[in-house]
Amino acid sequence: MTEPLRVVVDNSAGLTAPPPACPRRARTLFIDFVATDSSYELRIQGSAMPEDGSERWLGRVQVPRAAVDDWVAYLHEQWDGSVIRRRRDGGYPYAEHVNLLARTATADREAVWRSLARAGHDLFKLLFHGQDDELKWIGDRLADALRADHQVICVHSDEVVVPWAMLYVPPDPADDLSGDAPVDRSGFWGLRHVIEHCFNGPARSAPHTRYAVRPLAGSFVDPELATRRGHNVAEPALRMLRAHTDLRQNASSRELEDELRGPARRYHVMYFSCHCVPDGNGSAKLRLPGAAVSTTNFDIWLRGSGLTANPLVFITACRSAGLEASPHHFSRTLLNQGANCLVGPYVNIPTAFARSFAARLLGQVLGHRATVGEAVHAVAVHFAERFDNPLGLTFSVYHGTDSHLCPEGPDVTG
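Under our numbering, the first residue of the sequence shown carries the number 14, and numbering increases by one thereafter.
Below, the structure written as C-alpha coordinates:
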(Lines of atoms letter the chains of each structure in order from A and count residues from 1; the text may use other names and numbers.)
(Lines give C-alpha, C1' and ligand atoms only; values in the text may rest on other atoms or scores of the structure.)
Protein backbone atom coordinates (compact mmCIF):
# COMPACT_ATOMS: atom_id res chain seq x y z
CA MET A 1 0.00 0.00 0.00
CA THR A 2 1.33 3.42 -1.00
CA GLU A 3 1.96 5.77 1.93
CA PRO A 4 0.14 9.15 1.66
CA LEU A 5 2.32 12.15 0.92
CA ARG A 6 3.22 14.30 3.91
CA VAL A 7 4.33 17.94 3.93
CA VAL A 8 7.82 17.99 5.41
CA VAL A 9 8.86 21.55 4.52
CA ASP A 10 6.39 24.32 3.60
CA ASN A 11 7.98 27.36 1.97
CA SER A 12 4.73 28.87 0.68
CA ALA A 13 4.20 31.29 3.58
CA GLY A 14 3.27 34.71 2.28
CA LEU A 15 2.90 33.58 -1.31
CA THR A 16 -0.33 34.18 -3.21
CA ALA A 17 -1.61 33.07 -6.55
CA PRO A 18 -0.93 35.58 -9.32
CA PRO A 19 -3.89 37.59 -10.59
CA PRO A 20 -5.52 36.51 -13.83
CA ALA A 21 -3.80 37.63 -17.00
CA CYS A 22 -4.67 41.18 -18.05
CA PRO A 23 -6.66 41.26 -21.29
CA ARG A 24 -4.90 42.55 -24.36
CA ARG A 25 -6.39 42.46 -27.84
CA ALA A 26 -4.23 42.09 -30.93
CA ARG A 27 -4.85 44.96 -33.33
CA THR A 28 -5.86 43.70 -36.76
CA LEU A 29 -5.66 47.10 -38.50
CA PHE A 30 -3.21 49.93 -37.94
CA ILE A 31 -4.16 53.11 -39.80
CA ASP A 32 -1.70 56.02 -39.73
CA PHE A 33 -2.11 59.48 -41.22
CA VAL A 34 1.13 61.45 -41.47
CA ALA A 35 1.06 65.10 -42.52
CA THR A 36 3.14 66.17 -45.51
CA ASP A 37 3.61 69.64 -46.98
CA SER A 38 0.27 69.73 -48.79
CA SER A 39 -1.63 66.57 -47.89
CA TYR A 40 -1.45 63.37 -45.86
CA GLU A 41 0.32 60.08 -46.34
CA LEU A 42 -1.87 57.11 -45.44
CA ARG A 43 -0.24 53.97 -44.07
CA ILE A 44 -2.24 50.81 -43.36
CA GLN A 45 -0.90 47.57 -41.93
CA GLY A 46 -2.29 44.61 -40.03
CA SER A 47 -3.34 40.99 -40.20
CA ALA A 48 -6.67 41.97 -41.81
CA MET A 49 -4.91 43.31 -44.91
CA PRO A 50 -3.57 41.26 -47.88
CA GLU A 51 -0.31 39.32 -47.44
CA ASP A 52 -1.30 38.71 -43.79
CA GLY A 53 -0.47 42.28 -42.91
CA SER A 54 3.25 41.82 -43.36
CA GLU A 55 3.38 44.65 -45.88
CA ARG A 56 2.64 48.30 -45.20
CA TRP A 57 0.28 49.82 -47.76
CA LEU A 58 0.96 53.44 -48.65
CA GLY A 59 -1.21 56.04 -50.35
CA ARG A 60 -1.46 59.80 -50.53
CA VAL A 61 -4.61 61.61 -49.39
CA GLN A 62 -4.73 64.66 -51.65
CA VAL A 63 -6.98 66.60 -49.31
CA PRO A 64 -5.89 69.67 -47.35
CA ARG A 65 -6.43 69.69 -43.61
CA ALA A 66 -9.10 72.39 -43.93
CA ALA A 67 -11.17 70.11 -46.17
CA VAL A 68 -11.05 67.32 -43.60
CA ASP A 69 -12.10 69.78 -40.89
CA ASP A 70 -14.97 70.98 -43.10
CA TRP A 71 -16.22 67.44 -43.63
CA VAL A 72 -16.04 66.69 -39.92
CA ALA A 73 -18.02 69.88 -39.28
CA TYR A 74 -20.57 68.71 -41.85
CA LEU A 75 -20.84 65.35 -40.11
CA HIS A 76 -21.41 67.17 -36.83
CA GLU A 77 -24.17 69.24 -38.46
CA GLN A 78 -25.81 66.06 -39.73
CA TRP A 79 -25.92 64.60 -36.24
CA ASP A 80 -27.02 67.83 -34.63
CA GLY A 81 -29.68 68.72 -37.18
CA SER A 82 -30.90 65.33 -38.39
CA VAL A 83 -30.83 63.57 -35.03
CA ILE A 84 -30.62 65.62 -31.86
CA ARG A 85 -32.71 68.58 -33.04
CA ARG A 86 -35.06 66.46 -35.13
CA ARG A 87 -38.58 67.57 -34.30
CA ARG A 88 -41.56 65.21 -34.50
CA ASP A 89 -45.08 65.50 -33.08
CA GLY A 90 -44.28 68.62 -31.09
CA GLY A 91 -41.16 67.23 -29.43
CA TYR A 92 -37.57 66.15 -29.94
CA PRO A 93 -37.60 62.36 -29.56
CA TYR A 94 -33.83 61.84 -29.93
CA ALA A 95 -33.07 64.54 -27.36
CA GLU A 96 -35.78 63.60 -24.89
CA HIS A 97 -35.85 59.79 -24.99
CA VAL A 98 -33.48 56.84 -25.11
CA ASN A 99 -35.92 54.18 -26.31
CA LEU A 100 -36.97 55.33 -29.76
CA LEU A 101 -38.99 52.27 -30.72
CA ALA A 102 -42.10 53.51 -28.94
CA ARG A 103 -41.54 57.20 -29.72
CA THR A 104 -40.87 57.34 -33.45
CA ALA A 105 -42.17 55.71 -36.61
CA THR A 106 -40.05 53.05 -38.29
CA ALA A 107 -39.83 55.07 -41.51
CA ASP A 108 -38.59 58.11 -39.61
CA ARG A 109 -35.90 56.13 -37.78
CA GLU A 110 -34.76 54.58 -41.05
CA ALA A 111 -34.47 58.05 -42.59
CA VAL A 112 -32.20 59.09 -39.72
CA TRP A 113 -29.98 56.03 -40.01
CA ARG A 114 -29.81 56.53 -43.78
CA SER A 115 -28.69 60.17 -43.51
CA LEU A 116 -26.02 59.18 -40.97
CA ALA A 117 -24.82 56.31 -43.15
CA ARG A 118 -24.49 58.62 -46.16
CA ALA A 119 -22.50 61.17 -44.18
CA GLY A 120 -20.29 58.46 -42.68
CA HIS A 121 -19.67 56.89 -46.07
CA ASP A 122 -18.83 60.26 -47.61
CA LEU A 123 -16.18 60.81 -44.94
CA PHE A 124 -14.80 57.31 -45.54
CA LYS A 125 -14.47 58.05 -49.26
CA LEU A 126 -12.83 61.40 -48.56
CA LEU A 127 -10.12 59.77 -46.44
CA PHE A 128 -9.63 56.44 -48.19
CA HIS A 129 -10.56 57.09 -51.83
CA GLY A 130 -9.49 59.85 -54.15
CA GLN A 131 -7.75 60.71 -57.38
CA ASP A 132 -4.69 58.70 -56.40
CA ASP A 133 -5.06 55.21 -57.95
CA GLU A 134 -2.94 53.66 -55.22
CA LEU A 135 -5.15 55.22 -52.56
CA LYS A 136 -8.27 53.86 -54.28
CA TRP A 137 -6.76 50.38 -54.32
CA ILE A 138 -5.86 50.58 -50.63
CA GLY A 139 -9.32 51.92 -49.79
CA ASP A 140 -10.93 48.98 -51.56
CA ARG A 141 -8.75 46.50 -49.65
CA LEU A 142 -9.62 48.26 -46.40
CA ALA A 143 -13.33 48.07 -47.21
CA ASP A 144 -12.94 44.35 -47.98
CA ALA A 145 -11.32 43.80 -44.57
CA LEU A 146 -14.04 45.75 -42.77
CA ARG A 147 -16.72 43.68 -44.49
CA ALA A 148 -15.00 40.36 -43.93
CA ASP A 149 -14.78 40.29 -40.14
CA HIS A 150 -14.87 42.18 -36.86
CA GLN A 151 -11.67 44.21 -36.60
CA VAL A 152 -9.69 45.77 -33.77
CA ILE A 153 -8.58 49.10 -35.21
CA CYS A 154 -5.93 51.52 -34.03
CA VAL A 155 -5.89 54.87 -35.83
CA HIS A 156 -2.77 56.90 -35.16
CA SER A 157 -2.52 60.56 -36.09
CA ASP A 158 -1.92 63.92 -34.52
CA GLU A 159 -3.46 65.70 -37.50
CA VAL A 160 -6.45 63.64 -38.71
CA VAL A 161 -8.82 63.26 -35.76
CA VAL A 162 -12.36 62.32 -36.75
CA PRO A 163 -15.24 60.40 -35.10
CA TRP A 164 -14.20 57.00 -36.44
CA ALA A 165 -17.21 55.17 -35.01
CA MET A 166 -19.46 57.21 -37.31
CA LEU A 167 -17.73 56.13 -40.52
CA TYR A 168 -19.80 53.82 -42.70
CA VAL A 169 -18.89 51.11 -45.21
CA PRO A 170 -21.87 49.27 -46.77
CA PRO A 171 -21.63 45.58 -45.78
CA ASP A 172 -22.61 44.71 -49.35
CA PRO A 173 -20.74 46.67 -52.04
CA ALA A 174 -23.97 46.69 -54.05
CA ASP A 175 -25.89 48.53 -51.32
CA ASP A 176 -27.31 51.81 -52.61
CA LEU A 177 -27.38 54.52 -49.96
CA SER A 178 -29.12 56.94 -52.32
CA GLY A 179 -32.40 55.04 -52.20
CA ASP A 180 -34.96 54.50 -49.46
CA ALA A 181 -34.00 50.95 -48.52
CA PRO A 182 -33.28 50.20 -44.84
CA VAL A 183 -29.66 50.70 -43.82
CA ASP A 184 -27.63 47.77 -42.53
CA ARG A 185 -26.46 49.04 -39.13
CA SER A 186 -23.38 46.82 -39.15
CA GLY A 187 -21.81 49.11 -41.75
CA PHE A 188 -21.05 51.67 -39.04
CA TRP A 189 -17.52 51.18 -37.77
CA GLY A 190 -18.59 51.66 -34.15
CA LEU A 191 -21.25 48.92 -34.33
CA ARG A 192 -18.98 46.28 -35.87
CA HIS A 193 -15.43 47.04 -34.80
CA VAL A 194 -13.46 48.07 -31.71
CA ILE A 195 -11.71 51.37 -32.43
CA GLU A 196 -9.24 53.60 -30.63
CA HIS A 197 -7.43 56.76 -31.68
CA CYS A 198 -3.86 57.23 -30.48
CA PHE A 199 -1.59 60.28 -30.46
CA ASN A 200 2.11 60.85 -30.21
CA GLY A 201 3.12 61.66 -26.66
CA PRO A 202 4.35 60.02 -23.46
CA ALA A 203 4.72 56.26 -23.83
CA ARG A 204 2.07 54.07 -22.19
CA SER A 205 3.86 51.00 -20.88
CA ALA A 206 0.80 48.99 -19.84
CA PRO A 207 -2.95 49.10 -20.45
CA HIS A 208 -3.95 48.46 -16.84
CA THR A 209 -4.68 50.90 -14.04
CA ARG A 210 -3.54 49.24 -10.81
CA TYR A 211 -5.26 49.61 -7.44
CA ALA A 212 -4.59 48.03 -4.04
CA VAL A 213 -7.86 47.22 -2.25
CA ARG A 214 -10.53 49.31 -3.96
CA PRO A 215 -10.22 51.81 -6.83
CA LEU A 216 -10.29 55.51 -5.91
CA ALA A 217 -12.61 57.58 -8.11
CA GLY A 218 -13.25 61.28 -8.40
CA SER A 219 -16.44 62.77 -9.84
CA PHE A 220 -16.67 66.35 -11.08
CA VAL A 221 -20.34 67.14 -11.62
CA ASP A 222 -22.11 70.42 -12.31
CA PRO A 223 -24.99 70.54 -9.76
CA GLU A 224 -27.12 72.30 -12.38
CA LEU A 225 -27.42 68.98 -14.19
CA ALA A 226 -29.10 67.48 -11.13
CA THR A 227 -32.32 69.22 -12.10
CA ARG A 228 -32.07 69.03 -15.90
CA ARG A 229 -35.41 67.88 -17.38
CA GLY A 230 -36.60 66.72 -13.98
CA HIS A 231 -33.93 64.10 -13.33
CA ASN A 232 -30.35 63.99 -12.13
CA VAL A 233 -28.19 63.43 -15.18
CA ALA A 234 -25.18 62.12 -13.26
CA GLU A 235 -26.86 60.13 -10.47
CA PRO A 236 -26.99 56.69 -12.20
CA ALA A 237 -23.27 56.95 -12.98
CA LEU A 238 -22.53 58.12 -9.44
CA ARG A 239 -24.42 55.13 -8.03
CA MET A 240 -22.24 52.85 -10.13
CA LEU A 241 -19.11 54.60 -8.89
CA ARG A 242 -20.23 54.34 -5.24
CA ALA A 243 -20.89 50.62 -5.67
CA HIS A 244 -17.47 49.78 -7.09
CA THR A 245 -15.04 52.49 -5.94
CA ASP A 246 -14.18 54.79 -3.07
CA LEU A 247 -15.76 57.93 -4.51
CA ARG A 248 -14.81 61.54 -3.81
CA GLN A 249 -17.50 63.88 -5.13
CA ASN A 250 -16.68 67.41 -6.30
CA ALA A 251 -18.91 70.14 -7.66
CA SER A 252 -16.91 73.27 -8.50
CA SER A 253 -13.88 74.45 -10.43
CA ARG A 254 -12.15 75.26 -7.13
CA GLU A 255 -12.65 71.71 -5.88
CA LEU A 256 -11.31 70.41 -9.19
CA GLU A 257 -8.22 72.60 -8.81
CA ASP A 258 -7.66 71.45 -5.23
CA GLU A 259 -7.99 67.81 -6.26
CA LEU A 260 -5.70 68.07 -9.28
CA ARG A 261 -3.03 69.85 -7.26
CA GLY A 262 -3.13 67.14 -4.62
CA PRO A 263 -4.96 63.85 -3.95
CA ALA A 264 -6.52 63.58 -7.40
CA ARG A 265 -3.15 62.57 -8.75
CA ARG A 266 -3.92 59.18 -7.19
CA TYR A 267 -7.33 58.70 -8.83
CA HIS A 268 -7.87 55.45 -10.72
CA VAL A 269 -11.12 56.69 -12.30
CA MET A 270 -12.19 60.24 -13.13
CA TYR A 271 -15.75 61.07 -14.17
CA PHE A 272 -16.88 64.47 -15.48
CA SER A 273 -20.53 65.44 -16.01
CA CYS A 274 -20.82 69.07 -17.03
CA HIS A 275 -21.05 71.36 -20.04
CA CYS A 276 -18.22 71.69 -22.54
CA VAL A 277 -17.83 74.98 -24.39
CA PRO A 278 -15.66 75.06 -27.57
CA ASP A 279 -13.59 78.21 -27.89
CA GLY A 280 -13.32 78.20 -31.67
CA ASN A 281 -9.58 77.47 -31.70
CA GLY A 282 -9.72 73.69 -31.56
CA SER A 283 -9.78 73.83 -27.78
CA ALA A 284 -12.61 73.86 -25.26
CA LYS A 285 -13.47 74.58 -21.63
CA LEU A 286 -15.32 72.50 -19.07
CA ARG A 287 -17.93 74.60 -17.31
CA LEU A 288 -18.18 73.98 -13.58
CA PRO A 289 -19.57 76.33 -10.90
CA GLY A 290 -17.01 79.03 -10.19
CA ALA A 291 -15.25 79.20 -13.55
CA ALA A 292 -14.77 77.54 -16.90
CA VAL A 293 -11.78 75.20 -16.79
CA SER A 294 -9.39 75.57 -19.73
CA THR A 295 -6.53 73.55 -21.12
CA THR A 296 -4.14 75.97 -19.44
CA ASN A 297 -5.78 75.31 -16.07
CA PHE A 298 -5.32 71.56 -16.43
CA ASP A 299 -1.74 72.00 -17.56
CA ILE A 300 -0.82 74.22 -14.59
CA TRP A 301 -2.65 72.18 -11.97
CA LEU A 302 -1.09 68.91 -13.14
CA ARG A 303 2.39 70.27 -13.74
CA GLY A 304 5.02 68.13 -12.10
CA SER A 305 4.12 64.49 -11.59
CA GLY A 306 0.82 64.55 -13.49
CA LEU A 307 -1.88 61.93 -12.90
CA THR A 308 0.25 59.37 -11.09
CA ALA A 309 -2.28 56.52 -10.89
CA ASN A 310 -2.89 56.33 -14.66
CA PRO A 311 -6.67 56.93 -14.41
CA LEU A 312 -9.45 55.95 -16.77
CA VAL A 313 -11.18 59.22 -17.71
CA PHE A 314 -14.86 59.39 -18.67
CA ILE A 315 -16.44 62.67 -19.77
CA THR A 316 -20.13 63.15 -20.55
CA ALA A 317 -19.87 66.73 -21.73
CA CYS A 318 -20.89 67.82 -25.21
CA ARG A 319 -18.05 67.60 -27.75
CA SER A 320 -15.51 66.83 -25.00
CA ALA A 321 -13.84 64.28 -27.28
CA GLY A 322 -14.02 66.48 -30.37
CA LEU A 323 -10.27 66.97 -30.36
CA GLU A 324 -10.12 67.96 -34.02
CA ALA A 325 -6.43 68.40 -34.91
CA SER A 326 -5.59 70.72 -32.04
CA PRO A 327 -2.92 69.75 -29.50
CA HIS A 328 -4.40 72.36 -27.18
CA HIS A 329 -7.63 70.58 -26.23
CA PHE A 330 -7.97 69.73 -22.52
CA SER A 331 -8.62 66.08 -23.39
CA ARG A 332 -5.22 65.85 -25.08
CA THR A 333 -3.68 67.52 -22.02
CA LEU A 334 -5.18 64.91 -19.69
CA LEU A 335 -3.77 62.13 -21.88
CA ASN A 336 -0.35 63.75 -21.94
CA GLN A 337 -0.44 64.21 -18.16
CA GLY A 338 -0.90 60.51 -17.43
CA ALA A 339 -4.48 59.48 -18.17
CA ASN A 340 -4.62 55.84 -19.24
CA CYS A 341 -7.40 56.59 -21.72
CA LEU A 342 -10.24 59.01 -22.33
CA VAL A 343 -13.83 58.50 -23.48
CA GLY A 344 -16.21 61.28 -24.46
CA PRO A 345 -18.82 62.31 -27.03
CA TYR A 346 -17.54 63.85 -30.25
CA VAL A 347 -20.70 65.88 -30.83
CA ASN A 348 -23.44 67.47 -28.74
CA ILE A 349 -25.11 64.80 -26.64
CA PRO A 350 -28.62 64.92 -25.12
CA THR A 351 -28.70 64.71 -21.34
CA ALA A 352 -31.15 61.78 -21.34
CA PHE A 353 -28.83 59.66 -23.44
CA ALA A 354 -25.68 60.81 -21.61
CA ARG A 355 -27.30 59.67 -18.36
CA SER A 356 -28.05 56.16 -19.63
CA PHE A 357 -24.84 55.69 -21.60
CA ALA A 358 -22.52 56.70 -18.76
CA ALA A 359 -24.21 54.41 -16.23
CA ARG A 360 -24.11 51.40 -18.54
CA LEU A 361 -20.53 52.08 -19.62
CA LEU A 362 -19.28 52.37 -16.05
CA GLY A 363 -21.20 49.22 -15.18
CA GLN A 364 -19.28 47.34 -17.86
CA VAL A 365 -15.87 48.72 -16.87
CA LEU A 366 -16.28 48.69 -13.08
CA GLY A 367 -18.77 45.88 -12.51
CA HIS A 368 -17.78 43.42 -15.24
CA ARG A 369 -14.12 44.51 -15.54
CA ALA A 370 -14.44 44.91 -19.30
CA THR A 371 -11.77 46.80 -21.18
CA VAL A 372 -12.78 50.34 -22.10
CA GLY A 373 -12.65 49.69 -25.85
CA GLU A 374 -14.80 46.58 -25.62
CA ALA A 375 -17.22 48.31 -23.26
CA VAL A 376 -17.78 51.37 -25.47
CA HIS A 377 -18.40 49.09 -28.45
CA ALA A 378 -20.78 46.82 -26.51
CA VAL A 379 -22.78 49.72 -25.08
CA ALA A 380 -23.15 51.39 -28.49
CA VAL A 381 -24.40 48.09 -29.92
CA HIS A 382 -26.81 47.71 -26.99
CA PHE A 383 -28.53 51.04 -27.60
CA ALA A 384 -28.65 50.52 -31.36
CA GLU A 385 -30.08 47.00 -31.19
CA ARG A 386 -32.43 47.39 -28.24
CA PHE A 387 -33.71 50.95 -28.78
CA ASP A 388 -32.74 51.69 -32.41
CA ASN A 389 -30.77 54.63 -31.01
CA PRO A 390 -27.61 55.66 -32.93
CA LEU A 391 -26.21 58.05 -30.31
CA GLY A 392 -23.71 55.52 -28.95
CA LEU A 393 -21.71 56.16 -32.10
CA THR A 394 -20.96 59.68 -30.92
CA PHE A 395 -18.54 58.45 -28.23
CA SER A 396 -14.85 58.31 -29.14
CA VAL A 397 -12.13 56.28 -27.42
CA TYR A 398 -8.58 57.57 -27.08
CA HIS A 399 -5.85 55.05 -26.12
CA GLY A 400 -8.48 52.72 -24.68
CA THR A 401 -8.85 49.39 -26.45
CA ASP A 402 -7.10 47.46 -23.65
CA SER A 403 -7.51 49.95 -20.80
CA HIS A 404 -8.94 48.38 -17.66
CA LEU A 405 -8.79 48.30 -13.87
CA CYS A 406 -6.61 45.63 -12.33
CA PRO A 407 -5.73 44.72 -8.71
CA GLU A 408 -2.10 45.09 -7.75
CA GLY A 409 0.04 42.00 -8.21
CA PRO A 410 2.60 40.53 -10.56
CA ASP A 411 2.67 42.21 -13.96
CA VAL A 412 1.00 39.50 -16.00
CA THR A 413 -0.32 40.19 -19.50
CA GLY A 414 -2.03 37.92 -21.93
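Even for Gly, the Cβ is constructed at its ideal location relative to N, Cα and C.
Keep in mind it's a predicted model, so treat the numbers as computed, not measured.
Query	Result
Opposite Gly357 in the DSSP bridges: which residues?	Ser409
Compare the beta carbon distance of His417 and Arg382 with 8 Å and say whether it is the shorter of the two.	yes
Let me make sure I understand the geometry here. Which of Val392, Met253 and Arg131 has the alpha-carbon closest to that of Val356?	Val392
Between which two residues does the beta strand (DSSP E) carrying Pro291 extend?	His288 to Pro291
In terms of residue numbering, what span does the beta strand (DSSP E) encompassing Arg261 cover?	Asp259 to Asn263
If you follow the alpha helix (DSSP H) that Leu347 is part of, which residue opens it and which one closes it?	Phe343 to Asn349
If you reduce the DSSP assignment to three classes, tell me which class Glu268 lands in.	helix
Beta-carbon separation of His342 and Ser296 under 8 Å?	yes
Could you tell me the distance, in whole angstroms, from the CA atom of Ala250 to the CA atom of Asp185?	38 Å
How about the stretch 170-182 and the stretch 197-212: do they share at least three Cβ pairs that are nearer than 8 Å?	yes
Which word fits Thr428, buried or exposed, when buried means at least 16 other C-beta atoms lie within 10 angstroms of its C-beta?	Residue coverage of the chain in this structure runs from 14 to 427, which leaves residue 428 outside it and unanswerable.
Helix, strand or coil, according to DSSP, for Thr414 in the structure here?	coil
Please say whether Ala225 and Tyr280 have beta carbons closer to each other than 8 Å?	no
Using the three-state DSSP reduction, which class does Leu180 fall into: helix, strand or coil?	coil
Using a 10 Å radius around the Cβ and a threshold of 16 neighbouring Cβ atoms, would you call His163 buried or exposed?	exposed
In whole angstroms, give me the CA-to-CA distance for Thr321 and Arg278.	5 Å
Around the Cβ of Ile151, are there at least 16 other Cβ atoms within 10 angstroms (buried) or fewer (exposed)?	buried
State buried or exposed for Thr346, treating a residue as buried only when at least 16 other CB atoms are found within 10 Å of its CB.	buried
Give the single residue among His134, Ala39 and His257 whose Cα lies nearest to the Cα of Leu379.	His257
Could you check the C-alpha separation between Pro363 and Glu109 for me, to the nearest Å?	7 Å
May I have the straight-line CA-CA distance separating Thr119 from Phe43, to the nearest angstrom?	37 Å
Per the DSSP calculation, Gly104 is bridged to which residue(s)?	Arg101
Are His142 and Leu190 touching if we call contact CB-CB under 8 Å?	no
By how many angstroms is the C-alpha of Gly104 removed from the C-alpha of Val96?	12 Å
Which residue marks the beginning of the alpha helix (DSSP H) containing Arg127, and which one marks its end?	Thr119 to Phe141
Does DSSP classify Pro236 as helix, strand or coil?	helix
So, does the stretch 264-276 touch the stretch 393-400, judging by three or more C-beta pairs under 8 Å?	no
Ignore the nearest five residues each way along the sequence and tell me which others in Asp259's own chain have a CB closer than 8 Å to its CB.	Arg227, Pro228, Leu229 and Ala230
What is the DSSP secondary structure of Gly214, counted as helix, strand or coil?	coil
Determine the closest residue to Gly405 out of Glu421, Ala61 and Arg198, with distance taken between C-alpha atoms.	Arg198
Thinking C-beta only, is Val360 closer than 8 Å to Asp102?	no
Nearest to Arg429 by CA position, among Val182, Arg131 and Ala132, is which residue?	Because the chain in this structure spans residues 14 to 427, residue 429 falls outside the shown range and cannot be described.
Check whether the Cβ atoms of Glu209 and Thr41 lie closer than 8 Å to each other.	no
From which residue to which residue does the alpha helix (DSSP H) around His221 run?	Segment His221 to Tyr224 is the beta strand (DSSP E) holding His221; no alpha helix (DSSP H) there.
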